[in-house]
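Trainee: Quick one: the structure is below, questions incoming.
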Amino acid sequence: MMEKSRRSFLKVAGIAAIGLGTAPAMNFAALDSHGTAQPVKKKNENALHAKRWGMVIYIDKVDNRIAKKISNACHVQHNVPDFTHEVDTQKFPNTRPVNPDQEIKWLWKEKFHYAFPDKEDEFLAEKFHHLPFMVLCNHCKDAPCVQACPTQATFSREDGIVLMDFHRCIGCRFCMAACPYGSRSFNFRDPRPFIAQIDPDFPVRSKGVVEKCNLCAERLAKGELPHCVEASEGALVVGDLEDPESEIREILRDNYSIRRKQSLGTEPSVYYIV
Amino acid sequence: MTNKWIVTGLAVFVLAVLSPFWFNMVTTTQAAPEPELLGRAKEARKCVLDKYDMRANHMSLLDEWRDAVVRDADRIYVAANGKSFHMSLSTGENSCLGCHEDKAKFCDSCHTYTSVEPYCWECHTNPKEIE
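Chains as they are written, first to last, in our numbering: chain A, 512 to 785; chain B, 7 to 137.
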């Protein structure tokens, strides 16, 4: 056996300790030489921005034809199922009969006394009984649905849009109970058989998920205006409610406007000019 | 005498424990399919991450993309290799399927082999599947 002195042992141990220390240093140097370019996530250059998105609807400019055109534009592009659509039984055999109470809608026309139950006066101007009122998600500043959602699938985005992450929705429907405007619909069944032509640019939803208007967030990101605005022939305007110079604020300055169930304190971002 | 029994017992035990290996030696298994690069993907040869990183971590990357798109409204991903991509499964030229044109050979072949059933396509649509 080799004679080991304390002195030689300490020497070896010291050298070993230096060796251990070099490994992390070498790794660090190797990493540095490759360049540490980090991936970056960013917005489209032509994306539309706002501090808080809002909408103005000119009641007088919407008639039944335009109302239908607006809803259609929205529903077709967002793959919203239409339960009056005749099912292709070859592609989708064994489709259950439709329950009309389970309809799904993002943007639709409503009668004044349903849209504004608190404003139904005894002697209301005659025209209000007949005008189609376009209703949709109000993208409230203090949205009750956001507070109700247990999974944060519904959330208020930085720019004021109340958005849904369909991936995260567990279908509890608390948001539907919380929303005072009935803006949300639940997929009681697979929507695919009831979509005439699926638009591949927007996902379909699956059974068990809630859905609603997203103010065309996917279009704003590309620098385009929402489908409803484009189809509305000037009856709908979107813009930044927080920017005093914006077109929408100018319209609101010059016209008398009402909002749905304002007394509830949800601060809806959709204004109706009557 | 007892020694002999112990050794025999041990031999049987070792054989039994290693049975999966014996089984694999006598049977043939299907080789894992390689994702096939076609069309634009074959020309580009540069994906969002390195090949092996992509194979191991594409699901976490997609998860990250989803949150970025839905929550932060960021839709462009400039990868560490300098190329930029549209953070989307199926929309546009620069999305996953925009480059990897054949979903069956790019996604499904491996997912089927490994019995993974991601539910992406319950909602997202492969533009090629629309007639």
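For each residue, glycine too, the CB sits at the ideal point set by N, CA and C.
Between the stretch 671-682 of chain A and chain B, which residues of the former have a C-beta closer than 8 Å to a C-beta of the latter?
Mentor: Residues Leu-674, Asp-676, Phe-677 and His-678.
Trainee: Using the Cα positions of A/Asn-605 and B/Val-32, report the straight-line distance between them to the nearest angstrom.
Mentor: Going by the C-alpha atoms only, they are around 46 Å apart.
Trainee: Identify which residue in B/Lys-48, B/Ser-90, B/Glu-128 and B/Ser-96 has its Cα closest to the Cα of A/Lys-554.
Mentor: Closest by alpha carbon: B/Ser-90.
Trainee: Could you check which residue in A/Gly-734, A/Phe-713 and A/Val-785 has the C-alpha nearest to that of A/Cys-724?
Mentor: Here the closest residue by C-alpha is A/Phe-713.
Trainee: Can we say the stretch 741-755 of chain A touches the stretch 620-629 of chain A, given the rule of at least three CB pairs closer than 8 Å?
Mentor: Taking 8 Å as the limit for Cβ pairs, the verdict is that the stretch 620-629 of chain A does not touch the stretch 741-755 of chain A.
Trainee: Starting from A/Met-645, trace the beta strand (DSSP E) in both directions and tell me its first and last residue.
Mentor: Looking at the DSSP string, the run of the beta strand (DSSP E) that includes A/Met-645 is 644-647.
Trainee: Is it buried or exposed for A/Gly-525, if we count other Cβ within 10 angstroms and need 16 for buried?
Mentor: Classification of A/Gly-525: exposed, given that the 10 Å Cβ count is below 16.
Trainee: On the premise that A/Ala-689 lies in contact with A/Pro-655, defined as a C-beta separation below 8 Å, what is that separation, rounded to the nearest angstrom?
Mentor: Right, the Cβ-Cβ distance comes to about 4 Å (below 8 Å), so this counts as a contact.
Trainee: Quick one: does A/Ile-615 have its CB under 8 Å from some CB of chain B?
Mentor: Not closer than 8 Å to any Cβ of chain B, the Cβ of A/Ile-615 fails to qualify, so no.
Trainee: Who are the neighbours of B/Pro-124 on chain D, taking C-beta pairs under 8 Å?
Mentor: The structure shown contains no chain D; its protein chains are A and B.
Trainee: Indicate whether at least one CB of chain B lies closer than 8 Å to the CB of A/Lys-477.
Mentor: Because residue 477 of chain A is not part of the residues shown, which for chain A are 512 to 785, the question remains open.
Trainee: State the Cα-Cα distance for the pair B/Ser-101 and A/His-641, rounded to the nearest angstrom.
Mentor: Their backbone Cα atoms lie some 46 Å apart in a straight line.
Trainee: Excluding the five sequence neighbours on either side, which residues of its own chain have a C-beta within less than 7 Å of the C-beta of A/Gly-546, listed in chain order?
Mentor: At A/Gly-546 the pLDDT is 49, less than 50, meaning the model places this residue with poor confidence and gives no usable figure here.
Trainee: Does B/Arg-46 get closer than 8 Å to chain A when you measure Cβ to Cβ?
Mentor: B/Arg-46 does not count as touching chain A.
Trainee: Can you check whether the C-beta of A/Pro-737 is within less than 8 Å of a C-beta belonging to chain B?
Mentor: Chain B contact via Cβ: absent.
Trainee: According to the Cβ coordinates, are A/Val-646 and A/Trp-619 closer than 8 Å?
Mentor: Yes; because the gap between Cβ atoms is below 8 Å, this pair is in contact.
Trainee: Starting from the Cα of A/Glu-778, find the closest Cα among A/Met-566, A/Pro-550 and A/Asn-610 and give me that residue.
Mentor: Closest by alpha carbon: A/Met-566.
Trainee: Have a look at A/Ala-732, A/Phe-666 and A/Phe-639 and flag the residue whose alpha-carbon is nearest the alpha-carbon of A/Asp-574.
Mentor: Considering only alpha carbons, the answer is A/Phe-639.
Trainee: Using a 10 Å radius around the Cβ and a threshold of 16 neighbouring Cβ atoms, would you call A/Pro-702 buried or exposed?
Mentor: A/Pro-702 is buried by the Cβ-count criterion.
Trainee: Contact between the stretch 75-91 of chain B and the stretch 50-58 of chain B is defined here as three or more beta-carbon pairs at a separation below 8 Å; is this criterion met?
Mentor: They touch, by the three-pair rule.
Trainee: What is the residue span of the alpha helix (DSSP H) that B/Thr-118 lies within?
Mentor: B/Thr-118 -> alpha helix (DSSP H) spans 115-119.
Trainee: From the DSSP output, which residues share a beta bridge with A/Gly-565?
Mentor: According to DSSP, A/Gly-565 bridges with A/Gly-750.
Trainee: Excluding the 5 residues flanking A/Leu-674 on each side, which residues of the same chain have their C-beta closer than 7 Å to its C-beta?
Mentor: Contacts found: Phe-666, Arg-668, Asn-725 and Ala-728.
Trainee: Which residue wins for smallest C-alpha separation from A/Pro-628, given the options A/Gly-693, A/Ile-709, A/Gly-719 and A/Gln-549?
Mentor: Answer by Cα proximity: A/Gly-693.
Trainee: Return yes when the Cβ of A/Phe-697 is within less than 8 Å of the Cβ of A/Arg-684, no when it is not.
Mentor: Contact: yes.
Trainee: Using beta-carbon positions only, say whether B/Ala-74 and A/Ala-732 come within less than 8 Å of one another.
Mentor: It is not a contact, given that the beta carbons lie outside the stated cut-off.
Trainee: Any C-beta of chain A within less than 9 Å: which residues of the stretch 20-54 of chain B qualify?
Mentor: Of all residues in the stretch 20-54 of chain B, Val-54 have a Cβ within less than 9 Å of some Cβ in chain A.
Trainee: So what's A/Met-675 in DSSP terms, helix, strand or just coil?
Mentor: Here A/Met-675 sits in strand by DSSP.
Trainee: If you count every other CB in all the chains shown that lies within 10 Å of the CB of A/Asp-599, and 16 or more means buried, which is it?
Mentor: When all chains shown are included, A/Asp-599 counts as exposed.
Trainee: To the nearest whole angstrom, what separates the beta carbons of A/Glu-614 and A/Phe-677, a pair I think is in contact under 8 Å?
Mentor: Between A/Phe-677 and A/Glu-614 the Cβ distance is about 18 Å, and since that is not below 8 Å, they are no contact.
Trainee: Within 10 angstroms of the Cβ of A/Pro-643, are there 16 or more other Cβ atoms? Answer buried if so, exposed if not.
Mentor: A/Pro-643 is buried by the Cβ-count criterion.
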